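For reference, the structure is listed below as structure tokens.
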Amino acid sequence: MEIKSTEPKEPREKGIHFIHQIIEDDNKTGKFEQRVHTRFPPEPNGYLHIGHAKSICLNFGTAAKYGGLTNLRFDDTNPTTEDTEYVDSIRDDIRWLGFSWDDREYYASDYFEQLYAWAVELIRKGKAYVCDMSAEEMSANRGNPSVPGKESPSRNRSVKESLDLFEGMRKGEFKEGEKTLRAKIDMASPNMHMRDPVMYRIMHAHHHRTGDKWCIYPMYDYAHGQCDSIEKITHSICTLEFEVHRPLYDWFVKELGIYAPQQIEFARLNLSYTVMSKRKLLQLVKENYVNGWDDPRMPTICGLRRRGYTPESLRNFAEIIGVAKRDNVIDVALLEHCVREDLNKRAFRVMAVLNPVKLVIDNYPEDTVEMLDAINNPEDPEMGTRQIPFSKEIYIEKDDFMENPSKKYYRLSPGAEVRLRYAYFVKCTHVVKDSDGEITEIHCTLDPASRGGNSPDGRKVQGTIHWVSATKGEQAEVRLYDRLFVKENPDDAEEGKDFKDYLNADSLKLITAVVEPYLKDADTNMKYQFERIGYFCFDKDSSTEKLVFNRTVTLKDSWTKQATK
RNA sequence: UGACCGAUGGUGUAAUUGGCAACACGUCUGAUUUUGGUUCAGAAGAGUUCUGGUUCGAUUCCAGAUCGGUCAACCA
0 MEIKSTEPKE PREKGIHFIH QIIEDDNKTG KFEQRVHTRF PPEPNGYLHI
50 GHAKSICLNF GTAAKYGGLT NLRFDDTNPT TEDTEYVDSI RDDIRWLGFS
100 WDDREYYASD YFEQLYAWAV ELIRKGKAYV CDMSAEEMSA NRGNPSVPGK
150 ESPSRNRSVK ESLDLFEGMR KGEFKEGEKT LRAKIDMASP NMHMRDPVMY
200 RIMHAHHHRT GDKWCIYPMY DYAHGQCDSI EKITHSICTL EFEVHRPLYD
250 WFVKELGIYA PQQIEFARLN LSYTVMSKRK LLQLVKENYV NGWDDPRMPT
300 ICGLRRRGYT PESLRNFAEI IGVAKRDNVI DVALLEHCVR EDLNKRAFRV
350 MAVLNPVKLV IDNYPEDTVE MLDAINNPED PEMGTRQIPF SKEIYIEKDD
400 FMENPSKKYY RLSPGAEVRL RYAYFVKCTH VVKDSDGEIT EIHCTLDPAS
450 RGGNSPDGRK VQGTIHWVSA TKGEQAEVRL YDRLFVKENP DDAEEGKDFK
500 DYLNADSLKL ITAVVEPYLK DADTNMKYQF ERIGYFCFDK DSSTEKLVFN
550 RTVTLKDSWT KQATK
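What the first sequence shows, in numbering that gives the first Met the number 0, is residues 0 to 564, in sequence order.
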């Protein structure tokens, strides 16, 4: 007799990505004594976008997975572009996403003194020198990938002289651009970054943290690896474009003989129908194509938040898209799927009519308002029920009535019967039109026995439509957002055009809707589903006189898809 | 052009590290449904850029080619 093995299959996790594989290998060999310590290193010169969210989730998520820590480190080595406004927004965004760096909030500028001392050390070792060349000269002498560069005349000046000049640079004895400190590596290297890269430049600029203490500032390449080293970072995760910088990153650490973190590069996120570069996002804001960094059409974290995205949905998105090294374009439909999935579970259902037409129930008493029970979320009974006022005159969507319906249309039409959600079955008797032939009123009779939405005779109706009492409903401004661009890749512009030529003219539609009275008490922390329409959130522009809702995303709609076929 | 990196359905990511390609999104059917939502059942869609090599066997290893990306700021 065959004995079935009850031995469970090795519960090996399938499909872990290459970065986690590297970490698991390192943990096996003990390369970092089983430590995992990452960092998220934004430059405070702009707002974070969903691409950064991917990186944040990767860094914080990786550390959490392997029992390690993540530092937040502001890469503030260029005082002319950076500002505390950005520091604050970056902190908010990371916290909102759900991650914590505890008290490990660092700044590259915290290490300026140490970086300076190390630079002096490199000069002493003959590995760095003060260069007199201007930016133009330097560029002209750098050569190109196939032509080696020319060495600077300053390259062979004495250690003593470089030391004195570097001190003079720090003391402010030179004008901006007059001198630089350069690493002495190899002007003939096939890697352009190794051709005596600049380590320090002179900038007589006020720094948002160090004030006027310094007039020389380290370059990214000289600062980043050393900051990682000081913080004992194990895996320094960055995007692909820094791959060619890695030899330089390793060079500094090696020449200085200090602790060596490992830089690992992954492919940045690209999303269809949007742009991701800081420069372009800034342009959209500056030139008023959108209303600020947190415009709900922006791919910024604050924009997505205002749009109604939840941290959970973004984290799940980051998880689902994976991490690899090949260039990728993620379909926005996947992002939308992630919010829908999350909002379906948590959104409070309400009824709102966005494009109203009046429906009059002829056999219903004039002055009666009755309260009907409605379920707040069929996915979560714990969210309870509420009452909705019903009256003789109500609003329904224009789309939910058709005078000459097609075969598969099962909403309201002359002679047809539908269910008013949570209310009654109604049958259309006739319509009233104005002189232009526009329908102004739809008349119905209701079946009193169907109160609540079911008929005792067991009769079925195909369609259920939503409605709002004409007398008890509230007006609200509803902002219907759609994708910002009409082109899948706006960066891929035709001759003579640029990404702005592909802006979607209909990315925002403002309408006045009528919503059920419950929403008078709406609040910004709540997520709503306007039944049969989409997910919406309460916008901060709301006031006591005006309710404002943003459409996060529509519901999936297999009807219009079929109807427009 | 030189260095570095990459290439798997429409999109993204996998494939027990050499054992006859899986998952998700999207698309399409159908069922259920007081949301044409959700849920459920199912289908179509790639033979892994190409050419050789190693091997009983290659998406995986090797060589070459092709295509794509990144890099020539005193930006990060």
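Beta carbons are placed, not taken as given, at the ideal position from N, Cα and C, and that holds for glycine.
Because the structure is a prediction, the values reported are computed rather than measured.
Contact between R34 and L71 does not hold, since the beta-carbon distance rounds to 18 Å and is not under 8 Å.
With respect to F17, A373 sits apart: the two C-beta atoms are not nearer than 9 Å. A direct Cα-Cα distance of roughly 10 Å separates H442 from K391. The closest CA to that of E136, considering only K126, Q561, K149 and N269, is found on K149. Two segments are said to touch when three or more pairs of C-beta atoms, one from each, lie closer than 8 Å; by this definition the stretch 302–322 touches the stretch 93–112. Partner residues in a beta bridge of I55, as assigned by DSSP, do not exist.
Spatial neighbours of R123 in its own chain (CB-CB distance under 8 Å, excluding positions within 5 residues in sequence) are listed in chain order as V158 and L162. Runs of the beta strand (DSSP E) lying entirely within the stretch 479–547, each at least 3 residues long, are 507–514, 526–529 and 533–537 in chain order. The Cβ atoms of F111 and L353 do not sit closer than 9 Å to each other. Burial is judged here by how many other beta carbons sit within 10 angstroms of a residue's own beta carbon; T61 has at least 16 and is buried. Just measuring C-alpha positions, the residue of V547, P40 and F535 sitting nearest V338 is F535. CA-CA distance, S434 to E440, rounds to 13 Å.
Counting other Cβ atoms within 10 Å of its Cβ, H205 stays below 16 and is therefore classed as exposed.
Counting C-beta pairs with one atom in each stretch, the stretch 242–258 and the stretch 296–312 have fewer than three that are closer than 8 Å, which means they do not touch.
The beta carbons of Y216 and N77 sit closer together than 9 Å. Judged by their CB atoms, A107 and H223 are nearer to each other than the 9 Å cut-off. Note on the stretch 300–377: whole alpha helix (DSSP H) runs with a minimum of 4 residues are 300–306, 310–320 and 331–345, in chain order. Note that the C-beta distance between V467 and I393 is below 9 Å. Rounded to whole angstroms, the gap between the alpha carbons of S454 and T463 is 13 Å. Ranked by Cα distance from V359, the options L281, T470 and P380 are led by T470. Using a 10 angstroms sphere on the CB of V289, the tally of other CB atoms reaches 16 or more, which defines it as buried. DSSP lists A182 as the bridge partner or partners of A127.
Using a Cβ-Cβ distance cut-off of 8 Å, the stretch 275–294 and the stretch 251–264 are not in contact, since fewer than three pairs of beta carbons, one from each stretch, lie closer than that value. Around the beta carbon of V425, 16 or more other beta carbons sit within 10 angstroms, so the residue counts as buried.
Relative to W250, the option among P447, K231, G452 and K183 whose CA is nearest is K183. Excluding its 5 nearest sequence neighbours in each direction, E177 has no C-beta neighbour in its own chain below 6 Å. In the DSSP assignment, no residue is bridged to Q225. Excluding sequence positions up to five before and after R531, its CB lies within less than 6 Å of the CB of H465, all in the same chain and listed in chain order. Beta bridge pairing from DSSP links L247 with no other residue.
Rounded to whole angstroms, the separation of the alpha carbons of P355 and E515 is 13 Å. Counting only runs of 3+ residues, the beta strand (DSSP E) found wholly inside the stretch 409–463 occupies 416–419, 424–432 and 438–446, in chain order. Across the structure, T543 and I229 are spaced so that their CA atoms are roughly 52 Å apart.
Measuring C-alpha to C-alpha distances from E473 to each of V513, K508, G50 and P489 identifies V513 as the nearest.
For Y85, the enclosing alpha helix (DSSP H) starts and ends at T83 to L96. Taking a cut-off of 8 Å for Cβ pairs, the stretch 479–492 and the stretch 399–410 do not touch, as fewer than three such pairs fall below it.
Around the beta carbon of E81, 16 or more other beta carbons sit within 10 angstroms, so the residue counts as buried.
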